[in-house]
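Undergrad: Here it is: the structure, laid out below.
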Amino acid sequence: MKVVGPVLVFFCLIGLLGSTIAHAEMTSTNYIIRFDDISFGGGNTGSSASYQLRDTASTSSLLSSSSATYELTPGFRAGIYDRVADFIVYIQDRSSEVAATTLSSNTVTVTSASGFSVDDMMAIVQDSGESQISAIGKIILIAGNDITVDAWTNSGVAPVIDGSTDYAYVLDASSVSFGTLSNMSTATGIIAWEVSVEDDHGYSVYVTEDGELRDAGALYTIPDVADGTVSTGASEYGARSSDTTLSASTFDTADTGITLSPQQVSSRSAMSFSSRDFLTLKVGVETAQASANYSQSLSFLYVGDY
Amino acid sequence: MWVITKSLVFAGLFLFLGYSQAFAMLLAPENIDISLSQGFSFSFEILIENSSEFSNNYSIKVLDASVDSDSQDIVFLSTKIGAQWIVPEVTNVSLAPKENRSLLVNINVPSDLRPGSYVFGIQALEEAGNPTNISVNYGAVSLLFLTVEGKMETHADISNFSATKEFFAHLPIEFSATIENDGQRMSQPSGAITIRNLFGSIVNVLTFNESSQRILPGQTRTLSVLWGNNDYEEGFLQEILEEMKHFTIGIFKIESVILPFEDTSVSPPPFWIVVFPWRLALVLGFLTSLALAVFFFARSRIWR
């Protein structure tokens, strides 16, 4: 019982204090002022249910600076600009393929780094084919044959690069080329995207197609995968997303067919900066598959959440 | 006739292709809210801009959509019901570089359409030519939230109004409430969370659902509000700094008034939280003890 007294006194003191320092953002039930500042005339941004305000008095001319991991824009109300979302798509360039021999942290060693440049988006692929494990990142440093990226984005499993059917690619193509399809292997292609969005609600990316993977006359098609796995030696076509948190489609858990209706392939529930994901397209053919040039248009759609 | 348009703020979207800026577009607004009675018509504008350096063609299309009941995700449907009475004035538009154009989208609500809230997508897509290999195109979708007025059930349950825990060392503190919309009308909840100290004085008032997030019929969504917006890194020293910079101490009563619909107000049971910067107290206590020890030691040496 001796403890009770001091404890009561302690909590009474806390209750008496019940205080907090002033914060930089002023709000009430129907008003908010962002970007409070000190010793500066004029207002900033204000809004209520019926109006929105973005006023300014003046701003000094200051230089912005940035690197791969940060962006600094000084000046008055510099954080406000009207662009809401950047959505950048990167496509695997098969012709840039080089063997990857080792991976240590964010640095991959390749047999030749001549086709790679700083600021390129690149992919590394472990055991290229039906069960490949991939990761993407933006190149920040090239030293000899060592390529360092800012960070790897994978499907929840990091690739292990040991030089056996492991490759590196630049993601700068304008279309995905599977090369010559064979019943002895599964062809793959990576389409990656990076989204920076100011929308507090987040966003989703959807994919849709203009029709089946088909020849020019649409006489022959390679059907969508139906059993969750694109298998070597079977005529099947599908894709798997690196985003393992999807709730509105099965691209995160199974090889899934792309349809005429847009299907979700990545999602974020909050504001994000340079969020990356990728889709691995997979196609296999059986021996009886007709020889032809197969093609298709895929469309990637940005949808802001609500 | 009910005609309410909200959220027609030109919050746009730019799309940039990675290897060049040949493909870039703006579609605005991102979300459109409209209420109409059965049998009535209404037109609204969308803005499409070709932000690239090249001429482009865009196709405009209306998509049926719904929401995933377990998440906030939009699911686009293969049906084409909305396209029969939500009709863009053109379905194809050609834009020169940097050119933009406002397009009318006309809604003619069928007279037998059941009252309630619906969601549709207005898709703008760069037109694909004949594909070679796997061609990749880009587009965006504005979401149209249409409420068809009439006799409908309007009801939402609010549960689990709470903080992430009861004891905190520093801000930010997250409060959340789960809202289950089991009626037929879309909810855009509003309200306020009032933070009082032990004596009832108001310490802060937070706006609930400041960004006007929507809860569609049949959907359950948890909305959160932050008291304090400071980011911090975990770790003893970093969190001491947070406790100093955003000093908050006390026992606080958290009250709320939430309006799932404009004419419906709910006050979930209040709860209490404790904010005590214990790391800072520990360090200050240690330093005070050390100072006292030095003081008494020095005094004892002097008096000897």
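From first to last, the protein sequence lines stand for chains A and B.
The first sequence begins at 24 in this note's numbering and counts up one residue at a time.
The second sequence begins at 223 in this note's numbering and counts up one residue at a time.
Note that the Cβ used here is the ideal one computed from N, Cα and C, for glycine as well.
Model, not experiment: these values are computed from the prediction.
1. Check the Cβ of B/T354 against every Cβ in chain C and list those closer than 7 Å, keeping chain order.
2. Would you kindly work out how many angstroms separate the C-alpha atoms of A/G225 and A/I245, rounded to a whole number?
3. Which first and last residues belong to the alpha helix (DSSP H) in which B/E465 is found?
4. Tell me which residues share the same chain as B/G405 and place their Cβ nearer than 8 Å to its Cβ, disregarding the 5 neighbours each side in the sequence.
5. Can you tell me where the alpha helix (DSSP H) holding B/L504 begins and where it ends?
6. So A/F287 contacts chain B; which residues on that side make the cut at Cβ distance below 7 Å?
7. Please state whether the Cβ-Cβ distance between A/D169 and A/T209 is less than 8 Å.
8. Taking CB distances under 8 Å as the criterion, tell me whether A/I56 reaches chain B.
9. Taking DSSP's pairing of strands, which residues face A/T268 in a bridge?
10. Quick check on the DSSP output: what are the complete beta strand (DSSP E) runs of length 3 or more inside the region 262-291 of chain B, in order along the chain?
11. If you follow the beta strand (DSSP E) that B/F474 is part of, which residue opens it and which one closes it?
12. Taking A/S292 and B/D290 to be in contact with their CB atoms under 8 Å, please state how far apart those CB atoms are, rounded to whole angstroms.
13. In this structure, how does DSSP classify A/R117 when only helix, strand and coil are distinguished?
14. Using a Cβ-Cβ cut-off of 7 Å (strictly less than) and excluding sequence neighbours within five positions of A/V193, which residues of its own chain qualify?
15. Helix, strand or coil, according to DSSP, for A/L76 in the structure here?
16. Which of the residues in the region 431-445 of chain B, read from start to end, lie with their CB under 8 Å from any CB of chain A?
17. Within 8 Å (strictly less), CB to CB, does B/G507 reach chain A?
18. So that I know if they touch, is there some Cβ in chain B lying closer than 8 Å to that of A/S284?
19. Could one say the Cβ of A/Y243 lies closer than 8 Å to chain B's Cβ atoms, at least one of them?
20. I'd like the span of the beta strand (DSSP E) that includes A/L204, first residue to last.
21. Given a threshold of 16 other Cβ atoms within 10 Å of its Cβ, counted over all protein chains shown, does B/A250 qualify as buried or as exposed?
22. By DSSP, does A/G261 sit in helix, in strand, or in coil?
23. Return the chain-ordered list of same chain residues with a C-beta closer than 8 Å to the C-beta of B/N322, the five sequence neighbours on each side being excluded.
24. Which runs of the beta strand (DSSP E) at least 3 residues long sit entirely within the region 117-163 of chain A? Give them in chain order.
25. Check whether the region 259-270 of chain A touches the region 295-311 of chain A, counting contact only when three or more Cβ pairs, one atom from each stretch, lie closer than 8 Å.
26. Using the Cα positions of A/H46 and B/K467, report the straight-line distance between them to the nearest angstrom.
27. I need the DSSP call for A/A277, collapsed to helix, strand or coil.
28. Kindly say whether A/Y325, judged by its beta-carbon, lies nearer than 8 Å to any beta-carbon of chain B.
29. For a contact defined as C-beta to C-beta under 8 Å, what are the partners of A/G212 on chain B?
30. Kindly indicate if chain B contains any beta-carbon less than 8 Å away from that of A/L302.
31. Interface residues of chain A around B/Q306 at Cβ under 8 Å?
32. Exposed or buried, which one is B/Q460 when buried takes at least 16 other CB atoms within 10 Å?
33. Would you say A/I170 lies against chain B (beta-carbon separation less than 8 Å)?
34. List, in chain order, every chain A residue whose beta-carbon is nearer than 8 Å to that of B/F453.
35. Just to confirm, are A/V343 and B/I356 a CB contact at a threshold of 8 Å?
36. Is B/G372 closer than 8 Å to B/P319 when the C-beta atoms are compared?
TA: Result, derived from the coordinates:
1. Structure shown: chain C not included; protein chains present are A and B.
2. On the first sequence, position 202 is the one that residue 225 of chain A refers to. On the first sequence, position 222 is the one that residue 245 of chain A refers to. Each residue's alpha carbon lies about 35 Å from the other.
3. Along the second sequence, read from residue 1 onward, the residue named residue 465 of chain B stands at position 243. Residues 458-467.
4. As a working mapping, residue 405 of chain B is identified with position 183 in the second sequence. The beta carbon of B/G405 is closer than 8 Å to those of M374, E375, T376, H377, A378, P439 in its chain, skipping five residues each way along the sequence.
5. Here residue 504 of chain B refers to the residue found at position 282 of the second sequence. Bounds of the alpha helix (DSSP H) holding B/L504 are 500-525.
6. Taking the first residue of the first sequence as 1, we reach residue 287 of chain A at position 264. Note on identity: in this sequence residue 287 of chain A is Gln, with Phe being the wrong assignment. Chain B residues near A/Q287: D295.
7. Mapped onto the first sequence, residue 169 of chain A falls at position 146. Mapped onto the first sequence, residue 209 of chain A falls at position 186. No. Outside cutoff.
8. As a position in the first sequence, residue 56 of chain A is number 33, starting the count at 1. Confidence is the limiting factor: at A/I56 the pLDDT is only 45, short of 50, which leaves the residue's position unreliable and the question unanswerable from this model.
9. Mapped onto the first sequence, residue 268 of chain A falls at position 245. Residue pairing from DSSP leaves A/T268 without any beta-bridge partner.
10. Considered as a whole, the region 262-291 of chain B harbours 263-272, 278-289 as its complete beta strand (DSSP E) runs of no fewer than 3 residues, in chain order.
11. Locating residue 474 of chain B in the second sequence gives position 252, where the first residue counts as 1. It spans 470-483 - the beta strand (DSSP E) in which B/F474 sits, taken as one unbroken run.
12. Along the first sequence, one-based indexing puts residue 292 of chain A at 269. Along the second sequence, one-based indexing puts residue 290 of chain B at 68. Not really, about 13 Å apart at Cβ, beyond 8 Å.
13. As a position in the first sequence, residue 117 of chain A is number 94, starting the count at 1. Helix.
14. What you label residue 193 of chain A is simply residue 170 of the first sequence in a count that begins at 1. Excluding the 5 residues flanking it on each side, A/V193 has same chain C-beta neighbours closer than 7 Å at D116, S119, G138, F139, D143, M145, in chain order.
15. For the purposes of this step, residue 76 of chain A is taken as residue 53 along the first sequence, with counting starting at 1. With a pLDDT of only 40 at A/L76, under 50, the local geometry of the prediction cannot be trusted, and no value is derived from it.
16. E432, S433, Q435, R436
17. Residue numbering aside, residue 507 of chain B sits at position 285 when the second sequence is read from its first letter. B/G507 does not count as touching chain A.
18. Working through the first sequence from its first residue, we reach residue 284 of chain A at position 261. So yes, A/S284 belongs to the interface.
19. What you label residue 243 of chain A is simply residue 220 of the first sequence in a count that begins at 1. No, because no Cβ of chain B sits closer than 8 Å to the Cβ of A/Y243.
20. Taking the first residue of the first sequence as 1, we reach residue 204 of chain A at position 181. No beta strand (DSSP E) holds A/L204; DSSP gives it neither H nor E.
21. Locating residue 250 of chain B in the second sequence gives position 28, counting from the first residue. Counting Cβ neighbours within 10 Å, B/A250 comes out buried, since at least 16 surround it.
22. Here residue 261 of chain A is taken as the residue at index 238 of the first sequence, counted from 1. Three-state DSSP puts A/G261 in a strand.
23. Your numbering for residue 322 of chain B matches position 100 in the second sequence. So the list reads L248, L269, I270, E271, N272, once near-sequence residues are dropped.
24. Counting whole runs of 3 or more residues, the region 117-163 of chain A contains the beta strand (DSSP E) stretches 121-127, 130-133, 144-149.
25. With the cut-off at 8 Å, the region 259-270 of chain A and the region 295-311 of chain A touch.
26. For the purposes of this step, residue 46 of chain A is taken as the residue at position 23 of the first sequence. For the purposes of this step, residue 467 of chain B is taken as the residue at position 245 of the second sequence. Note that A/H46 has pLDDT 38, beneath the 50 cutoff, so the model's placement of it is unreliable and no number is given.
27. Mapped onto the first sequence, residue 277 of chain A falls at position 254. Three-state DSSP puts A/A277 in coil, outside helix and strand.
28. Locating residue 325 of chain A in the first sequence gives position 302, where the first residue counts as 1. Cβ-Cβ to chain B under 8 Å: yes for A/Y325.
29. As a position in the first sequence, residue 212 of chain A is number 189, starting the count at 1. Those within 8 Å of A/G212 in chain B are I356.
30. Here residue 302 of chain A refers to the residue found at position 279 when the first sequence is read from its first residue. Judged by the 8 Å Cβ criterion, A/L302 is not in contact with chain B.
31. Counting from one through the second sequence, the residue named residue 306 of chain B turns up at place 84. Correct list: empty, because the minimum Cβ distance to chain A is about 17 Å.
32. Along the second sequence, read from residue 1 onward, the residue named residue 460 of chain B stands at position 238. Label assigned to B/Q460: exposed.
33. Counted from its first residue, the first sequence places residue 170 of chain A at position 147. No, A/I170 lies away from the interface with chain B (no Cβ there is under 8 Å from its Cβ).
34. Within the second sequence, numbered from 1, the residue matching residue 453 of chain B stands at position 231. Per the sequence presented here, residue 453 of chain B reads as Asp, with Phe not at that position. Here the premise fails: no neighbours, minimum Cβ distance about 12 Å.
35. Residue 343 of chain A cannot be examined here, being either before or after the span of chain A that is shown, 24 to 329.
36. For this step, residue 319 of chain B is matched to residue 97 along the second sequence. For this step, residue 372 of chain B is matched to residue 150 along the second sequence. Cβ distance not < 8 Å, so B/P319 and B/G372 don't count as in contact.
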